[in-house]
Amino acid sequence: MTKKDDQKPIVFEGASDMPPMSASQGSMSVNKTASWRSIRPIIHEEKCKSCMICWKFCPEPAIFPTSPPTINYDYCKGCGICIEECPFDAITSEKEGK
Amino acid sequence: MSAETKKVRLTLPENEVMSPGHLACQGCGASMAMRYALKALGRKTILSVPACCWAVIDGPFPYSAVGVPLQQSAFEAAAATASGITNALKSLGKDDITTLAWAGDGGTFDIGLQALSGAVERNENMIYVVYDNEAYMNTGIQRSSSTPHGAWTTTTPVKHYRKGQKKNIMEIIVAHHIPYCATANIAYPEDFIKKLQKAKSIKGAKFIHLFAPCPTGWKHGPDKTVKIARLATETNTFPIYEVENGVYKINKKIKNVKPVAEYLRAQGRFRHLPEDELEYIQSMVNKSYKRLEKLEAAFGESA
Numbered sequence: 001m002t003k004k005d006d007q008k009p010i011v012f013e014g015a016s017d018m019p020p021m022s023a024s025q026g027s028m029s030v031n032k033t034a035s036w037r038s039i040r041p042i043i044h045e046e047k048c049k050s051c052m053i054c055w056k057f058c059p060e061p062a063i064f065p066t067s068p069p070t071i072n073y074d075y076c077k078g079c080g081i082c083i084e085e086c087p088f089d090a091i092t093s094e095k096e097g098k
Numbered sequence: 001m002s003a004e005t006k007k008v009r010l011t012l013p014e015n016e017v018m019s020p021g022h023l024a025c026q027g028c029g030a031s032m033a034m035r036y037a038l039k040a041l042g043r044k045t046i047l048s049v050p051a052c053c054w055a056v057i058d059g060p061f062p063y064s065a066v067g068v069p070l071q072q073s074a075f076e077a078a079a080a081t082a083s084g085i086t087n088a089l090k091s092l093g094k095d096d097i098t099t100l101a102w103a104g105d106g107g108t109f110d111i112g113l114q115a116l117s118g119a120v121e122r123n124e125n126m127i128y129v130v131y132d133n134e135a136y137m138n139t140g141i142q143r144s145s146s147t148p149h150g151a152w153t154t155t156t157p158v159k160h161y162r163k164g165q166k167k168n169i170m171e172i173i174v175a176h177h178i179p180y181c182a183t184a185n186i187a188y189p190e191d192f193i194k195k196l197q198k199a200k201s202i203k204g205a206k207f208i209h210l211f212a213p214c215p216t217g218w219k220h221g222p223d224k225t226v227k228i229a230r231l232a233t234e235t236n237t238f239p240i241y242e243v244e245n246g247v248y249k250i251n252k253k254i255k256n257v258k259p260v261a262e263y264l265r266a267q268g269r270f271r272h273l274p275e276d277e278l279e280y281i282q283s284m285v286n287k288s289y290k291r292l293e294k295l296e297a298a299f300g301e302s303a
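Line by line, the protein sequences give chains U and R.
For the first sequence, the numbering used here assigns the number 1 to the initial residue and increments by one for each residue that follows.
For the second sequence, the numbering used here assigns the number 1 to the initial residue and increments by one for each residue that follows.
Take a look at the structure:
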């Protein structure tokens, strides 16, 4: 995940610049989806048992499987699945843009 | 990442093939499904995707979110395209690459049924996964033949809600006598990944019916996706079973079955339903689960 994040946007200057076939050239990780978020999930280390259920159910994936897990706020869309699924209530939400 | 990071025990493969930044809605069940599928099958996979949500989620040219080759096809041609890919790979002698056809319920239950029937009848060496969100979600929530009884969609509005049962696609595919058919649910990713890895090891046509909720179309909060998917199995609305060479096996037998009303009331698309309709849906669910149990008793491992 980390290596691809440094990718630069691909720009075509003109028709001569276009690839011979319409095959994809790069990863969608250029598209930072952080601005979609209206709530921000926060992991509280003292309650976290590193069960990795948040990592398992993250649809992005925007959670790194470390202990305790870390959230990649560049991509988190704020769906709240991690908050809902955490069995120890170790993830809480905060309103974004406060 | 802190220095005291220690190794954690993961229940799923750690590799991430799919990249973040894709265009799925918040809490999308289909994006979780693709993440699990690519975890299970790895980078040596070629995808065949017809017009469906995943045609959009993957992103615009020149970017792609899946990290593997993806061939986009016409709405009805997911299985036909996958047949072509798998036969081309066979001619090239590349037998370590998996062909995965990935279609929504519209492209499988309705529009793609003919191509799918043809491909599984020829027993093409591919895995076909239908991620079932129970309507044409990408085009704006129109009713499909997978929409369950009582559901609201834009073409079956509240006063004229969908009447009639959901099509039993599993029985249709089982009738083609293919080596492996299974149902799976995104709330049980371990089970889904195990089934995909099993399917990968089998030669011939494999079919997986995957349950993937859609927060936008089902009118529930994006955080409830996994909870609702789990309720579907816990209420026996969507039982998890597999059919291997005609042998039925229910993989998840629920001990304390919850009432279907709990699953229905969690979603906005069933909000209008009166009590007698809930009872009717409960009776239909009981009936179809009983039928499945009878099939397991008659054609199971013990039979």
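Just so you know, even glycine gets a beta-carbon here, dropped at the ideal spot from N, CA and C.
CB contact below 8 Å: residue i versus chain U
i, result
"Thr11/R", "yes"
"His22/R", "yes"
"Gln26/R", "yes"
"Thr154/R", "no"
"Lys195/R", "no"
"Asp132/R", "no"
"Arg43/R", "no"
Residue environment, residue i, which counts as buried when at least 16 other CB atoms sit within 10 Å
i, result
"Asp89/U", "exposed"
"His44/U", "exposed"
"Asn256/R", "exposed"
"Arg43/R", "exposed"
"Val226/R", "buried"
"Thr11/R", "exposed"
"Phe57/U", "buried"
"Gly164/R", "exposed"
"Ala303/R", "exposed"
"Gln267/R", "buried"
Beta-ladder partner(s) of residue i, from DSSP
i, result
"Gln142/R", "Tyr136/R"
"Ile63/U", "Ile71/U"
"Thr92/U", "Ile42/U"
"Ser22/U", "Per DSSP, none; premise fails for Ser22/U."
"Glu121/R", "Paired residue(s): none; Glu121/R is not in a bridge."
"Met205/R", "The residue you asked about is not Met; residue 205/R is Ala in the sequence shown. DSSP output for Ala205/R lists Met126/R as bridge partner(s)."
"Asn185/R", "Phe211/R"
"Gln71/R", "Ser48/R"
"Trp152/R", "The partner list for Trp152/R (beta bridge, DSSP) is empty, contrary to what the question assumes."
Minimum Cβ-Cβ distance from residue i to chain R less than 8 Å
i, result
"Tyr73/U", "no"
"Asp78/U", "Note on residue identity: the sequence assigns Gly, not Asp, to residue 78/U. Chain R, which has a Cβ nearer than 8 Å to the Cβ of Gly78/U, makes this yes."
"Met1/U", "Caution applies to Met1/U, whose pLDDT of 44 falls short of 50 and renders its modelled position unreliable; the value that the coordinates give is listed next. Cβ-Cβ to chain R under 8 Å: yes for Met1/U."
"Gly14/U", "no"
"Gly26/U", "yes"
"Met52/U", "yes"
"Phe88/U", "no"
"Ile81/U", "yes"
"Ala32/U", "Per the sequence shown, the amino acid found at residue 32/U is Lys instead of Ala. Judged by the 8 Å Cβ criterion, Lys32/U is in contact with chain R."
Spatially closest choice to residue i from the options, by CA coordinates
i, options, result
"Ala229/R", "Tyr128/R, Ala184/R, Val285/R and Leu10/R", "Ala184/R"
"Tyr36/R", "Asp223/R, Ala51/R, Glu279/R and Leu210/R", "Leu210/R"
"Ile240/R", "Val68/R, Phe192/R and Val158/R", "Phe192/R"
"Lys39/R", "Lys194/R, Asp95/R and Ile173/R", "Lys194/R"
"Pro9/U", "Phe61/R, Leu70/R, Glu171/R and His220/R", "Phe61/R"
"Ile172/R", "Ala65/R, Arg269/R and Leu113/R", "Leu113/R"
"Ile97/R", "Ala79/R, Ala78/R, Pro69/R and Phe75/R", "Pro69/R"
"Lys166/R", "Lys94/R, Ser288/R, Ser146/R and Glu76/R", "Ser146/R"
"Gly21/R", "Tyr73/U, Glu46/U and Cys48/U", "Tyr73/U"
Neighbouring residues, chain C, relative to residue i (Cβ below 8 Å)
i, result
"Ile10/U", "This model lacks chain C altogether; the protein chains it does include are U and R."
Using 8 Å as the Cβ pair cut-off and three pairs as the minimum, do the region 27-35 of chain R and the region 81-95 of chain R touch? Contact check between the region 27-35 of chain R and the region 81-95 of chain R: fewer than three CB pairs, one atom from each, fall below 8 Å, which does not count as touching.
If contact is defined by three or more beta carbon pairs under 8 Å, each pair taking one atom from either stretch, is the region 293-302 of chain R in contact with the region 240-250 of chain R? A contact is defined here as three or more CB-CB pairs under 8 Å, and the region 240-250 of chain R meets this definition with respect to the region 293-302 of chain R.
If we count Cβ pairs, one from each stretch, closer than 8 Å, do we get three or more for the region 49-63 of chain R versus the region 132-142 of chain R? Because the criterion of three Cβ pairs below 8 Å is met, the region 49-63 of chain R and the region 132-142 of chain R touch.
Three Cβ pairs or more, each shorter than 8 Å: is that satisfied between the region 10-20 of chain U and the region 51-63 of chain U? The region 10-20 of chain U is not in contact with the region 51-63 of chain U.
Does the region 98-113 of chain R come close enough to the region 59-79 of chain U to have 3 or more Cβ pairs within less than 8 Å? Too few Cβ pairs lie closer than 8 Å, so no.
Counting Cβ pairs, one atom from each stretch, are 3 or more of them under 8 Å apart for the region 120-128 of chain R and the region 176-183 of chain R? The region 120-128 of chain R and the region 176-183 of chain R touch, with no fewer than 3 CB-CB distances between them shorter than 8 Å.
Pairing CB atoms from the region 67-84 of chain U with CB atoms from the region 33-42 of chain U, are three or more of them under 8 Å? Contact annotation: the region 67-84 of chain U touches the region 33-42 of chain U, with at least three C-beta pairs closer than 8 Å.
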